[in-house]
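Heads up, the sequence shown is in UniProt numbering, so the first residue is 1 and it goes up one at a time. The beta carbon of each residue, even a glycine, is placed where N, CA and C say it ideally should be.
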Amino acid sequence: MVMICSSMGEMLVHWKVIYFGFRAGWRSTCLSIHETAMKKNKRIGFFAKYAEAEEKTEADAGEDPATPDQQVKTWVWVVGLFASVILACIVMGLQWKVNVGITILTLVLAFLFSFLAIQIGAVTDQTPLTAAAKAAQLVIGGTTTGAGYTALTSDFRTGFLLGTPPNKQFIAQAIGTFVSGWLAPGLFVLFTTAYPCITDSEIEHCPFLVPSVSAWMAVAEVVTSPNVPIPLSSAIFSIVLGIVSILQVIFRHYYLTGPREKYQQWLPNWGAIALSFVIPGPVFVNAAFVGAIIAFIWRKWKPASFEVYGYAIAAGMNAGEGMDSVIGAALQLGNVSGDRYGTLGLACPVEEC
Numbered sequence: 001m002v003m004i005c006s007s008m009g010e011m012l013v014h015w016k017v018i019y020f021g022f023r024a025g026w027r028s029t030c031l032s033i034h035e036t037a038m039k040k041n042k043r044i045g046f047f048a049k050y051a052e053a054e055e056k057t058e059a060d061a062g063e064d065p066a067t068p069d070q071q072v073k074t075w076v077w078v079v080g081l082f083a084s085v086i087l088a089c090i091v092m093g094l095q096w097k098v099n100v101g102i103t104i105l106t107l108v109l110a111f112l113f114s115f116l117a118i119q120i121g122a123v124t125d126q127t128p129l130t131a132a133a134k135a136a137q138l139v140i141g142g143t144t145t146g147a148g149y150t151a152l153t154s155d156f157r158t159g160f161l162l163g164t165p166p167n168k169q170f171i172a173q174a175i176g177t178f179v180s181g182w183l184a185p186g187l188f189v190l191f192t193t194a195y196p197c198i199t200d201s202e203i204e205h206c207p208f209l210v211p212s213v214s215a216w217m218a219v220a221e222v223v224t225s226p227n228v229p230i231p232l233s234s235a236i237f238s239i240v241l242g243i244v245s246i247l248q249v250i251f252r253h254y255y256l257t258g259p260r261e262k263y264q265q266w267l268p269n270w271g272a273i274a275l276s277f278v279i280p281g282p283v284f285v286n287a288a289f290v291g292a293i294i295a296f297i298w299r300k301w302k303p304a305s306f307e308v309y310g311y312a313i314a315a316g317m318n319a320g321e322g323m324d325s326v327i328g329a330a331l332q333l334g335n336v337s338g339d340r341y342g343t344l345g346l347a348c349p350v351e352e353c
């Protein structure tokens, strides 16, 4: 509730950004249709009107730094789009018996909500993916998320700042997506084989905490079950905190401006607070807390050094943790993991890590 309310609050206070984003998207679509029609010596008045307005806007905005030969060809992404939609319908229908109409509705919602998340992320640097995903889940009783869209858009934004041609970014992302599409299932099989508790809820102890799975399952039960055993006190508490998170967004956006903007840093991040609520263990929260303290001290002590190495070291440690988990799963399958030959119990409360 808190995640949805705080994220939706951020989206609503930036309604102008959403409006301009949708307007730009509509005009770009009209421009593409108009250019295609003009190549066939046809002029559609309805689309031509919006296309001319878009051309004027682009002229006022300045020249695109990417030359025409560096742009992604229209037929490339159109073919990929239709192929993805068809493949999604086939997989959802054969694997999970999901109706084609529901799959298409899910894809449409994913596009709309991810577009909103992209616009808000550009303004606040925080993409409200939880709100988008939960809202779509409440609409269709299933799950969808715009994480992929926002991640790709963030990559293009970084490439724009670095001056990388869009077509080369597109090719690199296509290669990465193709590889990850085959690699991800293999890693899932590796982890579920090494740690059966991931898919077996009957196993009490599991070295992996899956708070997102619990959150998705809870929402799925709410939208599908006629009788949900949620205590009244919990419902009231979540509603009150949701209202407080919305009021804080309004307070920060409309009151803490100008000379009072410096006080914004003292307001809590309700998204982070809500995340700590759904995480069953303190591991992630404590890690974030320690990392925040280190970053704060480092930035105060040597700001120039932090700007050069801070984010790179953090990203490297995140990537290293992921690689370490893969190696750990392989050692677990080989029956030579740390719980057998390692220092079991070192820095592990109640010898459970």
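Through-space distance from N269 to R299, alpha-carbon basis: If you take the alpha carbons of R299 and N269, they lie about 20 Å apart.
Host alpha helix (DSSP H) of N269 (start-end): Where N269 is concerned, there is no enclosing alpha helix (DSSP H), given that its DSSP letter is neither H nor E.
Proximity of A287 and G310 at Cβ, strictly below 9 Å: Contact annotation: A287 and G310 have beta-carbon atoms that are not nearer than 9 Å.
Classification of H205 by the beta-carbon crowding that lies within 10 angstroms, buried from 16 upward: Burial call: exposed.
Distance between beta carbons of S245 and A6, contact taken as under 8 Å: Note that residue 6 is Ser in the sequence shown here, rather than Ala. Between S245 and S6 the Cβ distance is about 4 Å, and since that is below 8 Å, they are a contact.
Nearest-angstrom Cα separation, counted from P65 out to G21: Their Cα atoms are separated by approximately 20 Å.
Integer-rounded CB distance, given that V72 should sit under 8 Å from N167: Contact flag correct, Cβ pair sits at about 5 Å.
Residue environment, I4, which counts as buried when at least 16 other CB atoms sit within 10 Å: The residue is buried, with at least 16 neighbouring Cβ atoms inside 10 Å.
Simplified DSSP assignment, three categories, for Y255: Y255: coil per DSSP, three-state reduction.
contact_flag[the region 8 to 26, the region 241 to 259] where n(CB pairs < 8 Å) is 3 or more: Output reads yes: the region 241 to 259 touches the region 8 to 26.
Buried versus exposed, by CB contacts within 10 Å (16 or more), A292: Burial check for A292: the Cβ neighbour count within 10 Å stays below 16, so the residue is exposed.
Helix, strand or coil at N286 [DSSP, three-state]: Here DSSP, grouped into helix, strand and coil, assigns N286 to helix.
9 Å Cβ cutoff met for A51 and L81: In this structure, L81 does not lie closer than 9 Å to A51 by Cβ.
First and last residue of the uninterrupted alpha helix (DSSP H) at G163: Run containing G163: none; DSSP gives neither H nor E here.
Reference R23, options A53, Q169, Y263, closest by Cα: Here the closest residue by C-alpha is A53.
Beta-carbon proximity of T190 to A319, cut-off 9 Å: The amino acid at residue 190 is misidentified as Thr; the sequence shows Leu. If you check the CB distance, L190 and A319 do not come in under 9 Å.
Alpha-carbon to alpha-carbon, V308 and K262: Rounded to the nearest whole angstrom, the CA to CA distance from K262 to V308 is 25 Å.
Collapsed DSSP secondary structure at C5 in the structure displayed: Residue state, collapsed to three classes: helix.
Inter-residue Cα distance where the pair is M317 and G101: Approximately 42 Å between the Cα atoms of the pair.
Where T106 falls, given that 16 or more other Cβ within 10 Å makes a residue buried: Buried.
For W266 and V85, the rounded distance between their alpha carbons: Rounded to whole angstroms, the separation of the alpha carbons of W266 and V85 is 45 Å.
Where F188 falls, given that 16 or more other Cβ within 10 Å makes a residue buried: Its Cβ having fewer than 16 others within 10 Å, F188 is exposed.
Classification of M8 by the beta-carbon crowding that lies within 10 angstroms, buried from 16 upward: Residue environment: M8 is assigned as buried (16 or more neighbouring CB atoms within 10 Å of its CB, all protein chains considered).
Rounded Cβ spacing between T193 and L333 (contact assumed at less than 8 Å): With a beta-carbon spacing of about 6 Å, T193 and L333 fall inside the 8 Å limit used to define contacts.
Alpha-carbon spacing of M1 relative to Y255, whole angstroms: Each residue's CA atom was taken as its position, placing M1 and Y255 some 24 Å apart.
I198 versus L183: straight-line alpha-carbon distance, rounded: Rounded to the nearest angstrom, the gap between the Cα atoms of I198 and L183 is 18 Å.
Helix, strand or coil at G334 according to DSSP, with G and I counted as helix: It is coil, neither helix nor strand.
Contact belief for M92 with T103 at Cβ below 8 Å, rounded distance in angstroms: With a contact defined as Cβ atoms closer than 8 Å, M92 and T103 qualify at about 5 Å.
Where G242 falls, given that 16 or more other Cβ within 10 Å makes a residue buried: Buried.
Host alpha helix (DSSP H) of S84 (start-end): Where S84 is concerned, the enclosing alpha helix (DSSP H) starts and stops at 74 to 96.
Backbone secondary structure at E52 - three-state DSSP: Residue state for E52 is assigned as helix, using DSSP reduced to three classes.
Distance between A48 and G25 (C-alpha atoms, nearest Å): Taking the straight line from one Cα to the other gives about 15 Å.
CB contact flag (Q70, P165, <9 Å): Their beta carbons are under 9 Å apart, which means Q70 touches P165 by this criterion.
Environment of R43 [buried if 16+ CB atoms lie within 10 Å]: Exposed.
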